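*Asks:*
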Amino acid sequence: MTPAMRAILAALAVVTAGLASASAADAAPLVTVVEGTLPIVLSAPHGGRAAIPGVPVRTGTGARNFVTDRDTATDVLTEKTAAALEKALGGRPYLVIARFDRKYIDANRAPADAYESPAAQPVYDAYHGALSNACRAVRARWGRGLLIDVHGQSKETNTIFRGTMNGRTVGPLLERFGDRALSGPDSLHGRLAALGYTVSPPAGASRGREVHYTGGEVIRAHGAAAPHGLDAIMVEFGRTFRATRVLDRTAGDFATAIAAFARAFLPAADAREGPGPRGPLTGSPEQPPP
Ligand SMILES: [Zn+2]
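Residue numbering for the sequence shown follows numbering that gives the first Met the number 0, beginning at 0 and increasing consecutively.
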């Protein structure tokens with residue numbers, strides 16, 4: 000059994016242990032993991048609401064950059080985006096979604112700053128183990144892919160921020176395609192801007208400088224700089240775009256942007272790319288390589 004599998008089983012055991020006394024929220028799995036059929040991984044570490052049996056609410060003693068605010072509705076936004084993406088591309092992204100509340104574990108921090116209780120570790124490890132597995136699966140099947148870490152912010156409620164640690168988590172993507180993969184018409188930001196959203200940094204010829212939200216542990220640990228990682232982009236949705244009445248539209252537009260990116264920049268065939276020219280992403284990834 001791999002360490003990641005052990006971590007997931009440990010997290011499930013924690014859930015089971017809580018069942019005796021438990022509410023429905025306790026019984027829900029603490030990390031949702033869905034295997035995909037596209038070279039795309041969606042992560043949502045901050046939208047969960049569930050308590051973790053045996054883990055107290057964090058006080059943040061000794062932790063750097065301590066935040067416990069939930070990124071409201073980012074879990075639902077990620078699920079809705081996956082459903083819209085399936086309609087657009089005919090395949091499913093890999094999903095890793097936290098159901099536990101950020102006040103127990105912050106999955107977008109390094110372990111030393113993510114939790115204090117030893118009982119939290121298996122759940123934290125389950126989240127990151129699932130991300131590692133998804134990234135490895137994408138690399139094994141397609142050679143490369145895109146990890147998108149979905150967040151919410153309330154600093155500028157009508158803005159969508161992009162974080163790539165100013166390019167560090169997308170080195171191979173920039174090398175291959177240049178700034179247009181981050182800010183051009185077929186980039187996530189470029190397409191969202193064309194749909195009327197205010198994005199930061201602004202879309203355009205240059206990828207610009209990322210401010211306020213440059214990325215956290217998810218894209219650091221599983222981005223292109225990691226041995227198993229993928230090109231990784233964090234997206235921070237302003238509060239306005241996460242209101243219940245607009246959530247379907249936000250998810251649909253986000254999926255449109257991801258699909259544009261996939262067609263322009265992601266491998267199509269279910270195989271490692273050769274040196275030759277590459278066609279657009281079409282059809283099912285199940286089809287054999289040409
Ligand atoms: Zn967040």
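The beta-carbon is built from N, C-alpha and C at its ideal position, and this holds for glycine as well. Given the structure is predicted, the values throughout are model-derived calculations rather than measurements.
(1) Step through the CB atoms of chain D and report whether any lies within less than 8 Å of the CB of F240.
(2) Considering only DSSP beta bridges, list what M164 is partnered with.
(3) Of the choices L37, I96, I218, whose alpha-carbon is the least far from that of R48?
(4) Do you know how far the Cα of V33 is from the Cα of A242?
(5) Please list, in chain order, all residues of the same chain as D100 whose beta carbon is under 7 Å from its beta carbon, the five residues on each side excluded.
(6) Are the beta-carbon atoms belonging to L145 and H221 less than 8 Å from one another?
(7) Answer yes or no: do L187 and R98 have a C-beta to C-beta separation smaller than 8 Å?
(8) For V66, which of helix, strand or coil comes out of DSSP?
(9) State the Cα-Cα distance for the pair E209 and Y126, rounded to the nearest angstrom.
(10) DSSP three-state call for T36: helix, strand or coil?
(11) Which residues does DSSP pair with L41 in a beta bridge?
(12) Mind checking E235: buried by the 16 CB within 10 Å criterion, or exposed?
(13) With a threshold of 6 Å on Cβ separation, who are the neighbours of G61 within its own chain once the five nearest residues in sequence on each side are excluded?
(14) Need the endpoints of the alpha helix (DSSP H) that G251 sits in, please.
(15) Quickly, what does DSSP pair T197 with across the bridge? List them, please.
(16) Alpha carbon to alpha carbon, what distance is there between T77 and A250?
(17) Less than 7 Å between the CB of G308 and some heavy atom of ligand 1, yes or no?
(18) DSSP puts T31 in a beta bridge; with which residues?
(19) Take the Cβ of N157 as the centre, count every other Cβ of all protein chains shown within 10 Å, and call the residue buried at 16 or more, exposed below.
(20) So which of A43, A204, P38, L37 has the shortest CA-CA distance to T31?
(21) Since I232 is in the beta strand (DSSP E), which residue starts that stretch and which ends it?
(22) Please state whether DSSP places E216 in a helix, a strand or coil.
*Replies:* Checking against the coordinates, here is how it stands:
(1) Given the protein chain composition of this structure (a single chain), no chain D is represented.
(2) DSSP, once it has assigned bridges, lists no residue as partnering M164.
(3) I96
(4) 25 Å
(5) G47, R48, A49, A50, R69
(6) no
(7) Cβ distance not < 8 Å, so L187 and R98 don't count as in contact.
(8) The answer is coil: DSSP assigns V66 none of H, G, I, E or B.
(9) 26 Å
(10) In this structure, T36 counts as coil in the three-state DSSP scheme.
(11) L94, I147
(12) buried
(13) none
(14) Residues 246–264.
(15) T158
(16) About 7 Å.
(17) Because the chain spans 0 through 289 in this model, residue 308 falls outside it and cannot be assessed.
(18) I96
(19) When all chains shown are included, N157 counts as exposed.
(20) A43
(21) 230–237
(22) helix
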